[in-house]
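All the letters of the sequence shown, read from the start, carry residue numbers 1 to 401 under the UniProt record's numbering. Idealized CB from N, CA, C, for every residue including glycine.
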Amino acid sequence: KKKSKKDPLLMKKSKSDPNAPSNNRIPLPEMKDVDKIDRINFYRESMKRVKLGPTTQPSICFYTFLNGYHEVTCIEFTEDSSLIAAGFSNSSIRIWSLTPNRLRTVKGPTDLSIIDIEADDVLERMMDDRSASESRLLVGHSGPVYSTSFSPDKHYLISGSEDGTIRLWSLKTWTNLVVYKGHNYPVWSVQFSPHGHYFVSGGHDRTARIWSTDHYQPLRIFAGHLSDVDCVQFHPNSNYVATGCSDRLVRLYDMLNGKCVRQMSGHKGAIQCLRFSPDGRYLASAGADKTVLLWDLANGNQIGQLRGHTNTVYSLCFSREGAVLASGGIDDQVLLWDVAKVFEEQDSDTAPGTATVANITGEDTKLLIGSQKTKNSPVLDLHFTRRNLLLASGPFMGKRS
C-alpha cells in the first residue's frame with residue numbers, strides 16, 4: 001500500500017529562543033478543532049509562498065472604496081485574506097467577502113431546534129444559506145468608527161469609535177454582543193491578540209487598555225503617555241503590547257504585569273502605525289513625520305530610517321518571512337523596502353547593543369526596492385496574504401488641488 005506523502009512544513013520542528021517567554025505565561029483558552037484545522041491550512045498555504053526580495057517584488061492588489069456619501073475612516077483584512085471590513089464616519093461598519101463564499105447568518109430558533117446536535121457537520125447545518133449575501137452592515141456606534149479588528153478565528157470583530165466605546169460583534173449572527181466602556185474619550189485604535197481572547201485599545205484619554213472577550217472591565221491599564229495613544233499593536237507572542245503616541249514616543253508594555261519595558265524616541269511627529277516583524281525581534285513605526293523607523297526590541301535601539309513618503313504614513317506590513325516591509329499613506333503610494341538588509345547588518349554587528357542607524361541613514365534609495373502609485377486613493381491598510389501577495393486598500397478621493 002502506497003504511503004501518503006507527509007507535509008514537510010508540518011513535520012518541521014522550530015527551535016525555541018532561550019530569551020523568549022514561556023508559551024503558558026499568558027493564560028489562553030484551549031485551541032478548538034476549527035483552530036487546529038486553520039493552523040494546518042496555514043502551513044499548507046505557506047508551502048506555496050513566494051520568497052520576496054530586491055529581485056522578487058510582490059504583486060499588489062488594491063481595493064478601492066468608491067463612496068460618494070460616507071467617508072471611509074478605517075479598513076481591515078482578516079489574517080487569511082477572506083474578509084475585509086471598513087468603518088465609516090456615519091458610525092457604521094460594513095464587511096465584505098473577498099472569496100466566492102457569501103456571508104451567511106445562523107438559522108432561527110425553529111430551524112435550529114430540529115438539527116441533530118450529534119452530527120459531524122452540525123456547525124454547517126446551523127448556517128442559513130437563504131440569507132447569504134456579499135456584504136453585511138453593522139450599526140450600533142454613535143460616532144465615527146476609527147478602528148476595527150477581526151478575531152483570529154473570524155467569529156468576532158471589535159470596533160473603536162469616537163463615542164468612547166468598544167463594541168464586540170458576532171460574525172455568525174451579525175449582531176452586537178458587548179459594549180465595553182472605560183475610555184473617557186474617542187478610541188483611536190483596537191487590535192485582537194494573535195491568539196484571540198484578548199484585545200488592546202488606545203485612545204484620546206492617553207491610555208491603552210487590555211481587555212478580554214469574557215470581561216466587561218479592562219484587565220490592564222497602561223498609563224504614562226503624554227498625549228493621545230494613536231495606535232496599538234500586539235506582539236506575535238501575545239506577551240507584549242506596543243503603543244504609538246502623539247507625544248512621538250513608542251512604548252512597549254509587558255501584558256502580564258503592566259510595566260513599560262521599552263521606551264523608544266526618534267520620531268518628529270505623531271505616530272500613526274506600528275508593525276512587528278513576524279519573528280517578533282523588530283518593530284517598525286511611522287506617522288506624521290513621513291519617516292519609517294526600525295527598532296531592535298532586544299535593546300530598544302533604532303536600527304533604520306526609511307525616507308521616501310511625502311505625507312503622513314498610515315499603514316505598515318511585513319511580508320510573511322519578514323524580508324520586505326510595505327508602507328502606505330496619504331501620499332497615494334505604496335513603497336517596498338528591503339529590510340532584510342538592515343536586519344542582516346544588525347545580526348552581524350559584533351558590538352552588543354550597537355545601533356546601525358548611522359550606516360543606514362542616507363542610503364534610503366538603496367533600501368527602497370519598489371513603489372506603486374494609486375489613483376488618488378490614500379493607503380489606509382496593507383496586508384500580505386499567506387502566499388505573499390500584497391493587498392492594499394483605501395477610498396477614492398477624486399481630483400485634489
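Residue i (DSSP reduced to helix, strand or coil)
i, result
"Arg49", "coil"
"Ser98", "The sequence shown places Leu at residue 98, rather than the Ser named in the question. In the structure shown, Leu98 sits in coil (DSSP, three-state: anything other than H, G, I, E or B)."
"Asp153", "coil"
"Lys32", "coil"
"Leu9", "At Leu9, the pLDDT of 39 sits below 50, so the modelled position is not reliable; the number obtained from the coordinates is stated separately. It is helical."
"Leu367", "helix"
"Gly258", "coil"
"Ala20", "coil"
"Ser82", "coil"
"Ser285", "strand"
"Asp129", "strand"
"Gln372", "strand"
"Gln333", "strand"
Contact under 8 Å by Cβ, residue i with residue j
i, j, result
"Asp381", "Ile75", "yes"
"Gly300", "Met255", "no"
"Leu274", "Tyr63", "no"
"Pro144", "Ser201", "no"
"Arg164", "Pro194", "Here the sequence assigns Gly to residue 164, which means Arg is not the residue at that position. Taking 8 Å as the Cβ cut-off, Gly164 and Pro194 do not qualify as a contacting pair."
"residue 416", "His197", "Because the chain spans 1 through 401 in this model, residue 416 falls outside it and cannot be assessed."
"Tyr314", "Trp295", "no"
"Ile166", "Tyr156", "no"
"Ala288", "Gly269", "yes"
"Val250", "Gly258", "no"
"Gln372", "Ile60", "yes"
Residue i: first and last residue of the uninterrupted beta strand (DSSP E) it sits in
i, result
"Ala326", "Val324 to Gly329"
"Pro395", "Leu390 to Pro395"
"His383", "Asp381 to Phe384"
"Ile271", "Ile271 to Phe276"
"Tyr185", "No beta strand (DSSP E) holds Tyr185; DSSP gives it neither H nor E."
"Lys181", "Asn176 to Lys181"
"Ile166", "Thr165 to Ser170"
"Asp279", "No beta strand (DSSP E) contains Asp279, which DSSP labels as neither H nor E."
"Asp296", "Thr291 to Asp296"
"Thr173", "Per DSSP, Thr173 belongs to no beta strand (DSSP E) and is neither H nor E."
"Gly143", "Here Gly143 belongs to no beta strand (DSSP E), and DSSP marks it neither H nor E."
"Tyr314", "Val313 to Phe318"
"Gly304", "Asn301 to Arg307"
"Ser135", "Ser135 to Val139"
"Glu76", "Val72 to Phe77"
Bounding residues of the alpha helix (DSSP H) (the contiguous stretch that carries residue i)
i, result
"Glu345", "Val339 to Ser348"
Bridge partner(s) assigned by DSSP for residue i
i, result
"Thr148", "Ser159"
"Asn41", "DSSP output for Asn41 lists no bridge partner at all."
"Val229", "Cys245"
"Met264", "Val250"
"Arg209", "Ser201 and Ile221"
"Tyr63", "Ser393"
"Gln191", "Val200"
"Lys107", "For Lys107, which the question treats as bridged, DSSP gives no partner whatsoever."
"Ile93", "Gly87 and Leu138"
"Tyr240", "Asp254"
Chain B contact for residue i (CB, 8 Å cutoff)
i, result
"His235", "Among the chains of the structure shown, chain B does not appear; only one protein chain is present."
Contact test: residue i Cβ vs the ligand NAP heavy atom, cutoff 7 Å
i, result
"Met255", "Absence of the ligand NAP from the depicted structure is noted, as is the absence of any ligand whatsoever, leaving it without description."
Touch test, the region 40-53 against the region 309-327, Cβ-Cβ under 8 Å, three pairs minimum
yes
Examine the Cβ distances between the region 19-35 and the region 226-241 and report whether three or more of them are shorter than 8 Å.
yes
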